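Numbering (the working numbering), first residue to last: -17 to 274.
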């Protein structure tokens, strides 16, 4: 599960409003933003703040992809580069997320190993590759070809650098790293296995479904994806986060119904073959392996 900082939302708003005119105040929560700031009303002759929303204000819709791109190309890049490394310059929460993500990667690799893939003829696409945490160990299994892509140029550059350091010359030669939005990958560019790990959390349900639809046209045999499950416990957990403002507050993170994700996969001709779940104190992720 990725966490985007509120500063990324403010940065995107600034780009959309270069004139500097004041925008409706946004009250950010882990599930999105609200333009309904405090409103002053008169009670017994005194002006007091009221938290009721102002119906005439409409929440400005932010481009989720732009928010993600900006964040992982700027402040988020250094933060997540440290988390997904051996650096000791991480706090307790970041270390916990590191362990959770590593466990998810391990489970995905286990799914691929259990499938007895013929790597000599197998092609793989890793979308949302980040710094290469999954792409590199897949490349070490010697697939015929691996494409790792991410919406962030900084991330794909880091992934390429790490791959060059950790892979043999032959392994590296059969890999490609590309900065790309997953929906921009042409349907004619098909792969035996497509992995989409810790990506859907950045997008609302409808957009996530569109992404799965698109990836289904690219994947031939197997689609492995992860998402933050929408359960009562996690919904409450994220709502509680509303009461703790601050620079490290998570925002624009979306939970998804496992039932809806499965229905989207089935609609695209997939059958869920296996699943796995990772939960630490600050990281939770459900993985589904779908096959045809």
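C-beta: ideal position from N, C-alpha, C; glycine also. Just so you know, these numbers come straight off a predicted model, no measurement behind them.
Option in the options with minimal Cα separation from residue i
i           : options               : result
residue 45  : 184, 98 and 88        : 184
residue 98  : 175, 146, 109 and 62  : 175
residue 170 : 144, 162, 83 and 202  : 202
residue 56  : 137, 108 and 80       : 137
residue 79  : 71, 128 and 66        : 66
residue 100 : 177, 158, 126 and 188 : 126
residue 274 : 268, 252 and 261      : 252
residue 161 : 61, 113, 90 and 81    : 113
residue 76  : 262, 153 and 269      : 262
Limits of the beta strand (DSSP E) - the one that residue i falls within
i           : result
residue 109 : 105 to 109
residue 165 : That residue, residue 165, is in no beta strand (DSSP E); it is neither H nor E in DSSP.
residue 175 : 173 to 178
residue 204 : 201 to 209
residue 152 : Note, residue 152: premise wrong, no beta strand (DSSP E); alpha helix (DSSP H) at 151 to 155.
Straight-line gap, residue i to residue j (C-alpha atoms, nearest Å)
i           : j           : result
residue 181 : residue 208 : 7 Å
residue 49  : residue 179 : 18 Å
residue 200 : residue 190 : 16 Å
residue 167 : residue 73  : 36 Å
residue 84  : residue 249 : 30 Å
residue 197 : residue 106 : 12 Å
residue 193 : residue 128 : 20 Å
residue 260 : residue 150 : 31 Å
residue 91  : residue 205 : 13 Å
residue 68  : residue 143 : 15 Å
residue 64  : residue 266 : 19 Å
residue 122 : residue 153 : 7 Å
residue 255 : residue 270 : 8 Å
residue 133 : residue 163 : 5 Å
Buried/exposed call for residue i, threshold 16 Cβ in 10 Å
i           : result
residue 272 : buried
residue 102 : exposed
residue 241 : exposed
residue 140 : buried
residue 108 : buried
Opening and closing residue of the alpha helix (DSSP H) in which residue i lies
i           : result
residue 260 : Where residue 260 is concerned, there is no enclosing alpha helix (DSSP H), although the beta strand (DSSP E) it sits in stretches over 253 to 261.
residue 148 : 135 to 148
residue 84  : 74 to 96
residue 117 : 117 to 121
CB contact check: residue i to chain D, cutoff 8 Å
i           : result
residue 144 : Going by chain labels, chain D is absent from the structure shown, which holds only one protein chain.
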